[in-house]
Amino acid sequence: MDKNAIVTTLKKNAMLVVLVLVYLFFAILTGGGIFKPSSFNALITQNAYVYILGCGMLMCMLTGGNIDLSCGAFVCLLGSIGGVLMVINGMSTGVSILLMLLISAVYGCGLGFLIAYVNVPPWIATLAGYLAFRGLGTSILRNNSVTGSIAPFPQTFLNVFSGKVFKTADGVMNWPCMIAGVAAAAVVVLAVFMTRNSRLRKGYVADTMRTAVVKSILGGGVILLFMYKLALAGGIPVVLIWVAAVVLIYSFITSRTTIGRHFYVVGGNMEAARLSGVNTRRIMFIAYLNMAILTAISAMTVIARFTAANADAGKNFEMDAISACVVGGVSASGGAGSVLGMVIGATLIGVINLGMFQISLDANYQRVVKGFVLLAAVVFDILSKKKNK
Amino acid sequence: MEIAKALDKQAKLLILDEPTSSLNEEDSRALLDLMLGFKKQGMTMIIISHKLNEVAYVADKITVIRDGTTIETIDNRGPEPVSEERIIKGMVGREMTNRFPKREGVKIGDVMMEVSHWTVHHPLYPERKVVDDVSINVRKGEVVGIYGLMGAGRTELAMSIFGQSYGVNFSGSLKIDGKDVKMKKSESDAIRHKIAYVTEDRKGNGLVLSQSIRVNTSLANLDSIASHTVIDQDREYAVAEEYRGKLSIKTPSVEQLVGNLSGGNQQKVLLAKWMFAEPDIMILDEPTRGIDVGAKYEIYCIINDLAASGKSVIMISSELPEVLGMSDRIYIMNEGKMVGEMKASQATQENIMAAILRSGRGA
Numbered sequence: 044m045d046k047n048a049i050v051t052t053l054k055k056n057a058m059l060v061v062l063v064l065v066y067l068f069f070a071i072l073t074g075g076g077i078f079k080p081s082s083f084n085a086l087i088t089q090n091a092y093v094y095i096l097g098c099g100m101l102m103c104m105l106t107g108g109n110i111d112l113s114c115g116a117f118v119c120l121l122g123s124i125g126g127v128l129m130v131i132n133g134m135s136t137g138v139s140i141l142l143m144l145l146i147s148a149v150y151g152c153g154l155g156f157l158i159a160y161v162n163v164p165p166w167i168a169t170l171a172g173y174l175a176f177r178g179l180g181t182s183i184l185r186n187n188s189v190t191g192s193i194a195p196f197p198q199t200f201l202n203v204f205s206g207k208v209f210k211t212a213d214g215v216m217n218w219p220c221m222i223a224g225v226a227a228a229a230v231v232v233l234a235v236f237m238t239r240n241s242r243l244r245k246g247y248v249a250d251t252m253r254t255a256v257v258k259s260i261l262g263g264g265v266i267l268l269f270m271y272k273l274a275l276a277g278g279i280p281v282v283l284i285w286v287a288a289v290v291l292i293y294s295f296i297t298s299r300t301t302i303g304r305h306f307y308v309v310g311g312n313m314e315a316a317r318l319s320g321v322n323t324r325r326i327m328f329i330a331y332l333n334m335a336i337l338t339a340i341s342a343m344t345v346i347a348r349f350t351a352a353n354a355d356a357g358k359n360f361e362m363d364a365i366s367a368c369v370v371g372g373v374s375a376s377g378g379a380g381s382v383l384g385m386v387i388g389a390t391l392i393g394v395i396n397l398g399m400f401q402i403s404l405d406a407n408y409q410r411v412v413k414g415f416v417l418l419a420a421v422v423f424d425i426l427s428k429k430k431n432k
Numbered sequence: 232m233e234i235a236k237a238l239d240k241q242a243k244l245l246i247l248d249e250p251t252s253s254l255n256e257e258d259s260r261a262l263l264d265l266m267l268g269f270k271k272q273g274m275t276m277i278i279i280s281h282k283l284n285e286v287a288y289v290a291d292k293i294t295v296i297r298d299g300t301t302i303e304t305i306d307n308r309g310p311e312p313v314s315e316e317r318i319i320k321g322m323v324g325r326e327m328t329n330r331f332p333k334r335e336g337v338k339i340g341d342v343m344m345e346v347s348h349w350t351v352h353h354p355l356y357p358e359r360k361v362v363d364d365v366s367i368n369v370r371k372g373e374v375v376g377i378y379g380l381m382g383a384g385r386t387e388l389a390m391s392i393f394g395q396s397y398g399v400n401f402s403g404s405l406k407i408d409g410k411d412v413k414m415k416k417s418e419s420d421a422i423r424h425k426i427a428y429v430t431e432d433r434k435g436n437g438l439v440l441s442q443s444i445r446v447n448t449s450l451a452n453l454d455s456i457a458s459h460t461v462i463d464q465d466r467e468y469a470v471a472e473e474y475r476g477k478l479s480i481k482t483p484s485v486e487q488l489v490g491n492l493s494g495g496n497q498q499k500v501l502l503a504k505w506m507f508a509e510p511d512i513m514i515l516d517e518p519t520r521g522i523d524v525g526a527k528y529e530i531y532c533i534i535n536d537l538a539a540s541g542k543s544v545i546m547i548s549s550e551l552p553e554v555l556g557m558s559d560r561i562y563i564m565n566e567g568k569m570v571g572e573m574k575a576s577q578a579t580q581e582n583i584m585a586a587i588l589r590s591g592r593g594a
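Chains A and B, in that order, are what the protein sequence lines are. Count along the first sequence starting at 1, add 43, and that's the number in our numbering. Count along the second sequence starting at 1, add 231, and that's the number in our numbering.
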């Protein structure tokens with residue numbers, strides 16, 4: 044019985060197990076390089092956009108495996124617009140951010156309208172943006188700069204999306220970071236036990252004591268480890284706050300709110316959802332409007348990280364976001380998946396990228412590996428579902 | 232067109248499934264004459280049809296199939312075509328057994344919903360009327376049966392009443408509890424007006440099979456267990472458990488995925504969803520299709536309970552015994568039109584079939 048329980052738990056959290064194994068694999072291969080504080084920092088700053096776009100892509104995919112191909116190119120376009128606003132015209136950071144959000148909202152509304160109310164298939168509607176936006180962005184860059192790159196962005200803007208909170212030197216313990224880590228870990232542990240207690244009190248099915256303890260140790264432990272390493276790498280990256288906020292908000296929306304529930308049922312059975320009074324068109328509309336807004340936030344973190352707007356910015360972002368979702372167990376046909384799964388998927392891909400970079404694997408082989416990881420994840424997903432039946 | 236394709240392949244055996252269902256009288260006759268011509272050339276043909284006059288006209292042998300089994304085969308090679316009454320006898324000639332729970336304490340109240348001169352056009356062929364000038368009403372505490380053959384327009388009628396979820400170019404009026412209702416083209420509007428439509432196709436458009444019983448049960452009335460759009464998960468769980476008990480849904484847990492349940496239990500989850508939406512008027516479309524006899528009986532009991540609690544129930548069914556056994560009043564539809572209305576006490580299988588056939592011939 045005990046053995047069975049362990050096997051089912053492992054099966055349920057298979058991607059998490061894979062993540063740990065891959066991590067250990069690269070830890071050996073890199074001689075512990077991936078365990079350095081700087082690697083933890085890189086994992087966050089280099090992959091911030093995947094987490095943010097992944098949340099948007101998750102919402103799109105939930106509605107029935109629909110994707111947004113245009114988000115990468117839209118990052119490029121928004122970057123060039125931001126560059127023109129802030130660098131060329133010297134507009135203030137606040138106004139520029141609002142304008143960029145406004146532009147993405149307009150695009151999101153248009154896109155959502157076409158998909159939800161004109162019934163344009165999502166991948167075609169977003170393919171148009173994929174083709175057009177990078178061209179548009181590049182031409183804006185070329186018209187405003189001889190190098191084809193607009194830089195440097197003002198420090199006020201960079202402060203909002205990049206850098207460190209209470210920065211300290213590398214290798215020195217950053218106490219604000221460590222305290223925040225302890226607090227976050229404590230919140231996780233408290234949440235686990237409070238949910239359990241309230242369920243027990245009302246007589247519902249709840250975690251066993253052992254599951255609760257394991258959950259707390261794992262959840263709290265990972266947070267503590269992460270924050271400890273970040274504390275040694277100069278402190279909390281500003282972008283981590285954005286990522287954490289987006290991930291927490293979307294985690295809450297998908298799991299606890301009526302609108303989140305509607306996304307799942309629309310993807311599970313669109314007709315049944317409609318006949319149950321769910322406004323399915325509105326859900327599709329919101330999915331793409333939401334995607335555009337998150338793309339804007341993602342674009343801002345990216346230009347802040349490079350302190351410049353480039354023609355190459357956002358290349359393949361859409362594929363990274365889709366991969367993170369698929370590897371994280373989001374169903375390619377819609378109706379199933381979670382933010383936590385996507386985060387695990389994104390982290391897995393991030394670890395693989397970082398590991399391959401640190402052992403200086405040829406970039407072309409890196410792509411081959413990534414391709415196979417994606418395929419393996421989908422095959423694994425399909426097979427594990429079959430066994431359950 | 233399809234027939235020409237089949238002929239092109241030099242078919243020796245031609246199976247025609249309701250070949251005239253989309254043709255008018257004249258074209259149907261032409262098609263049937265064409266079949267007689269093929270017969271002379273030595274082709275074997277099987278025609279599946281619910282139009283008895285057509286079958287009697289072209290067929291050499293008529294096999295009556297009901298509930299998935301062959302009832303009888305009638306020879307039709309005599310000089311006179313077999314009479315339709317003879318075929319009907321085969322179609323309905325079954326003794327009614329005690330398959331329906333007794334209605335007790337039937338208290339039928341005022342008219343709850345009244346639909347008058349309801350006309351709906353086909354969404355793809357707007358010139359075609361799918362529901363043609365239909366008027367029905369249902370009282371509180373009453374079970375009204377709507378009987379008709381496949382394609383009679385019953386589902387279309389029901390879905391068009393339910394927030395115009397089917398069809399285009401609606402006309403007619405809808406009164407609920409004596410008040411005129413102008414319903415928008417919206418299912419949630421229908422639910423707000425306390426109407427529920429329990430679909431005939433539970434897997435296709437009734438349930439989200441990849442979700443749990445809990446999620447499916449709360450779906451049509453999610454707002455009632457949420458405050459400021461945040462779902463109260465404990466209450467949702469309690470609601471699902473409550474209906475699991477009430478409808479005796481057989482499952483280890485309400486977290487079970489609906490896709491893993493048997494047909495009868497799936498149907499109960501579907502009913503649970505709509506009962507939780509707390510409607511006054513429940514339209515049940517083929518509520519016992521594809522489920523076993525035991526589960527059928529349980530569903531009948533649920534229907535009776537609903538009526539006893541003052542709800543108005545409209546039950547659409549293709550099974551005559553079910554309509555006769557469950558209804559207080561029966562409407563009969565054929566080809567989009569209402570062709571008869573009778574009290575259950577006056578209705579028999581024969582006079583219901585006769586009403587359909589009369590209208591078919593008149594058209």
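For every residue, glycine included, the Cβ atom is placed at its ideal position computed from N, Cα and C. Since the model is a prediction, treat every value here as computed from it, not as a measurement.
8 Å Cβ cutoff met for residue i and residue j
| i | j | result |
| --- | --- | --- |
| A/Gly151 | A/Leu332 | yes |
| A/Ile140 | A/Ile193 | no |
| B/Leu453 | A/Asn312 | no |
| B/Ala190 | B/Arg445 | Because chain B is modelled from 232 through 594, residue 190 of chain B falls outside the range shown and cannot be assessed. |
| A/Leu112 | A/Trp166 | yes |
| B/Val412 | B/Ser391 | no |
| B/Leu247 | B/Ile278 | yes |
| B/Glu460 | A/Thr297 | The displayed chain sequence assigns Thr, not Glu, to residue 460 of chain B. No. |
| A/Leu291 | A/Ser366 | no |
| B/Met506 | B/Asp408 | no |
| B/Ile296 | B/Ile305 | no |
| A/Gly115 | A/Phe328 | no |
| B/Glu285 | B/Ser259 | yes |
| B/Tyr474 | B/Phe331 | no |
| A/Ile336 | A/Ser147 | yes |
| A/Ile183 | A/Val127 | yes |
Which listed residue (the options) has its alpha carbon closest to that of residue i
| i | options | result |
| --- | --- | --- |
| A/Arg185 | A/Phe236, A/Ile222 and A/Ile124 | A/Ile124 |
| B/Ile462 | A/Lys272, A/Gly303 and A/Phe415 | A/Gly303 |
| B/Leu502 | B/Thr304, B/Tyr468 and B/Val544 | B/Val544 |
| A/Ile279 | A/Thr211, A/Ser427, A/Ile260 and A/Leu120 | A/Thr211 |
| B/Met573 | B/Gly376, B/Arg589 and B/Glu431 | B/Gly376 |
| B/His353 | B/Tyr562, B/Gly372, B/Glu373 and B/Gln395 | B/Gln395 |
| B/Gly567 | B/Arg385, B/Asp559, B/Val374 and B/Asp264 | B/Arg385 |
| A/Ala443 | A/Leu121, A/Gly377, A/Ser205 and A/Arg324 | With chain A covering only 44 through 432, there is no way to say anything about residue 443 of chain A. |
| A/Leu237 | A/Ser259, A/Asp213 and A/Trp218 | In the sequence on display, residue 237 of chain A carries Met and not Leu. Ranking A/Ser259, A/Asp213 and A/Trp218 by Cα distance to A/Met237 puts A/Ser259 first. |
| A/Pro164 | A/Arg324, A/Ser241 and A/Phe349 | A/Arg324 |
Nearest-angstrom beta carbon gap, residue j and residue i [assumed within contact, 8 Å]
| i | j | result |
| --- | --- | --- |
| A/Ser88 | A/Val345 | Correcting the residue identity first, residue 88 of chain A is Thr in this sequence and not Ser. Wrong, their Cβ atoms sit about 10 Å apart, outside the cutoff. |
| A/Val373 | A/Gly380 | 3 Å |
| A/Gly277 | A/Ile77 | Actually they are not in contact, since the Cβ atoms of A/Gly277 and A/Ile77 sit about 18 Å apart, beyond 8 Å. |
| B/Thr579 | B/Glu553 | Actually they are not in contact, since the Cβ atoms of B/Thr579 and B/Glu553 sit about 14 Å apart, beyond 8 Å. |
Beta-carbon neighbours of residue i, restricted to chain A and to distances below 7 Å
| i | result |
| --- | --- |
| B/Asn496 | What B/Asn496 touches in chain A: nothing, since even the nearest Cβ is about 16 Å away. |
| B/Ser441 | Gly311, Gly378 and Ala379 |
Residue i: contacting residues in chain B (beta-carbon distance under 8 Å)
| i | result |
| --- | --- |
| A/Asn322 | Ser417 and Ser419 |
| A/Thr300 | Ala457, Thr460, Val461 and Ile462 |
| A/Arg325 | Those within 8 Å of A/Arg325 in chain B number zero; the least Cβ separation is about 10 Å. |
Interface partners of residue i on chain A, CB under 9 Å
| i | result |
| --- | --- |
| B/Asp465 | Ser241, Arg242, Lys245 and Tyr247 |
| B/Gln395 | Residues of chain A passing the Cβ test: none, with the nearest at roughly 12 Å. |
Amino acids of chain B, ordered along the chain, whose beta-carbon sits closer than 7 Å to that of residue i
| i | result |
| --- | --- |
| A/Leu318 | Ser396, Glu418, Tyr428, Thr430 and Asn436 |
| A/Ala315 | Asn436, Gly437, Leu438 and Val439 |
Contact set between residue i and chain A, taken where Cβ atoms lie within less than 8 Å
| i | result |
| --- | --- |
| B/Ser484 | Val248 |
| B/Leu502 | Chain A residues near B/Leu502: none, gap ~13 Å exceeds 8 Å. |
| B/Leu254 | Under the 8 Å cutoff, chain A gives no residues; its nearest Cβ is about 29 Å from B/Leu254. |
Any non-hydrogen atom of the ligand COA within 7 Å of residue i CB
| i | result |
| --- | --- |
| B/Arg589 | Ligands displayed in this structure: none; no statement on the ligand COA is therefore possible. |
Chain C contacts made by the stretch 422 to 451 of chain B, where a contact means CB separation under 9 Å: This model lacks chain C altogether; the protein chains it does include are A and B.
Which full runs of the alpha helix (DSSP H) of 4+ residues lie inside the stretch 240 to 298 of chain B, going along the chain? 256 to 271 and 283 to 289
Counting only runs that start and end within the stretch 496 to 579 of chain B, where is the alpha helix (DSSP H) found for 4 or more residues in a row? 524 to 539 and 551 to 557
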